[in-house]
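Novice: Could you have a look at this structure, given as structure tokens, before my questions?
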Amino acid sequence: MTNTPLSVPPVTPGHTAVGGNPVKRFLTATEIDTRLLGMLAALLLIWGGFHMYGTIVNGNGAFLTPRNLWNLSVQTSSIGIMATGMVLVIITRNIDLSVGSLIGVTGMTMGILQVDVLPQILGLGHWSIWIITCVVGISLGALIGAFHGWLIAYRGIPSFIVTLGGLMVWRGMAFIANGGKTISPVDSTFALLGGGPGGNVGATGSWIVGLLACVGVVWMLINGRKQRVKHEFPKRPMWAEVTLGAIGCGAIIGSVLLMNAYPLPVGILRRLELPEDAFVSHGFAIPVLIMIAVGIAMTILMTRTRFGRYVFAIGGNPEAAALAGINTRWMTLKIFALMGALTGIAAVIASARLNSATNALGTLDELYVIAAAVIGGTSLAGGVGTIYGAILGALVMQSLQSGMVLIGFDAAIQRIVVGMVLVLAVYLDNLYRARTK
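Per numbering that gives the first Met the number 0: the sequence shown ends with 436, consecutive numbering throughout.
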């Protein structure tokens, strides 16, 4: 028995809407976000374009290979994590220009802590060094973010000015903290969080993650249908539910196969005393799993909690939200504190991946994070944005940067392209909002 999708006027349960072309009926029945499809199409176009360019010019396309896509997933992790927080900031009509510098100062603090301080207290290689380092780094990021939020919410300073000042102040603090010197190497366990040698879960671990994710997809569809019945909302047709489940699980299994297709290099095989011709898969990198966990947690926060409803309410109309009893100033402080904590997590991944702490860590990351959020559908006018869109936007941005590096574009050309893409994304967002109105 088929049922009416949410996007059409309520009719008698059991009847299906008619009219329209098959594609429109499919999108209506499955309730797939058309902007998501647009981003996926753009991503596939970018991947295919860079691969074809490499094939034509160099004789071998290096982009659509397990190795490059595995590295691309790791490179996307830190930007993707920060982009999930930037969604909340932009939804509430604010901006945070300080995240790149915040990565620098938290990364430098963690570097000093685990290289110069904790080994003197706990002993070199102590098991707790990486845990204390991560806690301090994330806490410092949250504290700085809360300070920014306090200045914005309780002192009435525009977020643009506060975070622009933070961009300069925290970068300078990172330099002063260690005189501009690079701190290396970091704790060996801490380094695994960056996805370097050993920083992956292997083939078996990847299949476990993939199967759990598939179970999660099926549970979400079943639970969502039960909730629609409970609250007497129109249900999706059963074929649409099955199609969504098949698409979701297919994408997950495809990702697992892709990650497992990238083998460990010979050098690591020798270190592990394995035959050089053995095929041992990398599997998912730890930073990617951290990004996925953050994405799931942030999605739940935004769609299943009072906090998330308040965020959208403030973004839709701050004055009305305040009149409705929402403490908008306290919410702003918490949003910026959350942004700072997520930046601290990104700093853990970035410094662990480099196996060092440098003053240049996170340089220009604020531009990529904002661009990722905007490309992912977050409106600069406030009130609109999704977590999965921001992560996809980060993947688009990193794909552009990685592809340009592979084909030999210099840094100047890369920045020109990123700037053009950001302007185009805002223009398309304006067109989309005008059309929906």
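Backbone N, C-alpha and C define an ideal beta-carbon position, used for all residues, glycine too.
Spatial neighbours of W46 within its chain, please: CB distance less than 7 Å, with the 5 preceding and 5 following residues excluded, ordered by chain position.
Specialist: So the qualifying residues of the chain are F62, L63 and S398.
Novice: Suppose you measure from the CA of T357 to the CA of F189; what does that come to, to the nearest Å?
Specialist: 16 Å
Novice: Helix, strand or coil for N59, going by three-state DSSP, please let me know.
Specialist: coil
Novice: Let me know the secondary structure DSSP gives A173 once reduced to three states.
Specialist: helix
Novice: Rounded to whole angstroms, what's the CA-CA distance from R227 to K234? Just pull it up for me.
Specialist: 6 Å
Novice: Which word fits P184, buried or exposed, when buried means at least 16 other C-beta atoms lie within 10 angstroms of its C-beta?
Specialist: exposed
Novice: Could you tell me the alpha carbon to alpha carbon distance between I160 and G148, rounded to whole angstroms?
Specialist: 12 Å
Novice: Looking at A82 and A336, is the spacing between their C-beta atoms short of 7 Å?
Specialist: no
Novice: What are the uninterrupted segments assigned as alpha helix (DSSP H) that are 4 or more residues long and contained completely in the region 67-147, given in chain order?
Specialist: 98-111 and 117-121
Novice: Using only alpha-carbon positions, find the residue among I344, M38 and M167 that is nearest to I130.
Specialist: I344
Novice: I386: buried (16+ other C-beta within 10 angstroms of its C-beta) or exposed?
Specialist: buried
Novice: Starting from I348, trace the alpha helix (DSSP H) in both directions and tell me its first and last residue.
Specialist: Taken as a continuous stretch (DSSP letters only), the alpha helix (DSSP H) holding I348 covers T327 to L353.
Novice: Using only alpha-carbon positions, find the residue among T33, N177 and K23 that is nearest to Y431.
Specialist: T33
Novice: Report, in whole angstroms, the separation of the C-beta atoms of D364 and V168, which I expect to be a contact under 8 Å.
Specialist: Not really, about 16 Å apart at Cβ, beyond 8 Å.
Novice: Do you know how far the Cα of T29 is from the Cα of K229?
Specialist: 20 Å
Novice: Does the beta-carbon of M0 have 16 or more other beta-carbons within 10 angstroms, so that it is buried, or is it exposed?
Specialist: Note that M0 scores 40 on pLDDT, short of 50, meaning its location in the model is unreliable and no value can be drawn from it.
Novice: So, using beta-carbon positions, are G339 and G382 closer together than 7 Å?
Specialist: In this structure, G339 keeps its C-beta atom at 7 Å or more from the C-beta atom of G382.
Novice: In angstroms with no decimal places, state the Cα-to-Cα distance between G247 and I31.
Specialist: 12 Å
Novice: Does the region 293-306 come into contact with the region 92-112, if we say contact requires no fewer than three beta-carbon pairs (one atom in each stretch) closer than 8 Å?
Specialist: Touching, no, given that fewer than three Cβ pairs across the two stretches are closer than 8 Å.
Novice: Nearest CA to the CA of P264: which residue from M38, A296, G195 and I251?
Specialist: Measuring from the Cα of P264, the nearest candidate turns out to be G195.
Novice: Thinking C-alpha only, which one of R328, V293, I295 and A292 is nearest Y309?
Specialist: Ranking R328, V293, I295 and A292 by CA distance to the CA of Y309 puts R328 first.
Novice: Specify the secondary structure class of V291 as computed by DSSP and reduced to three states.
Specialist: The amino acid at residue 291 is misidentified as Val; the sequence shows Ile. Reduced to three states, the DSSP call for I291 is helix.
Novice: Rounded C-beta distance between A41 and V395? I'm assuming under 8 Å.
Specialist: 6 Å
Novice: Measure how close the beta-carbons of I78 and Y367 come, nearest whole angstrom, since I'm counting them as under 8 Å.
Specialist: 5 Å
Novice: Looking only at its chain, what residues have a beta carbon closer than 6 Å to the beta carbon of S205, apart from the 5 residues adjacent to it on each side?
Specialist: V255, M258, N259, G282 and F283
Novice: Applying the criterion that 16 or more other CB atoms from any shown protein chain within 10 Å of the CB defines a buried residue, is S127 buried or exposed?
Specialist: exposed
Novice: Can you tell me where the alpha helix (DSSP H) holding I406 begins and where it ends?
Specialist: Element bounds for I406: n/a, residue is neither H nor E.
Novice: Look at V86 and A389 and say whether their C-beta atoms are less than 7 Å apart.
Specialist: yes
Novice: If you check the beta carbons only, do A141 and L332 fall under 7 Å apart?
Specialist: no
Novice: If you draw a straight line from the alpha carbon of V241 to that of N177, how long is it in whole angstroms?
Specialist: Roughly 56 Å between the two C-alpha positions.
Novice: Sorted by chain position, which residues of the same chain lie with C-beta nearer than 6 Å to V417's C-beta, five sequence neighbours on each side aside?
Specialist: none
Novice: On the DSSP letters alone, give me the boundaries of the alpha helix (DSSP H) that S254 sits inside.
Specialist: M237 to N259
Novice: Compare the beta carbon distance of I291 and S76 with 7 Å and say whether it is the shorter of the two.
Specialist: no
Novice: If you follow the alpha helix (DSSP H) that L211 is in, where does it begin and where does it stop?
Specialist: From DSSP, the alpha helix (DSSP H) with L211 extends over G201 to K229.
Novice: Return the chain-ordered list of same chain residues with a C-beta closer than 6 Å to the C-beta of T377, the five sequence neighbours on each side being excluded.
Specialist: V86, I89 and G384
Novice: Go ahead and label S187 buried or exposed: buried means 16 or more other beta carbons lie within 10 angstroms of its beta carbon, across all protein chains shown.
Specialist: exposed
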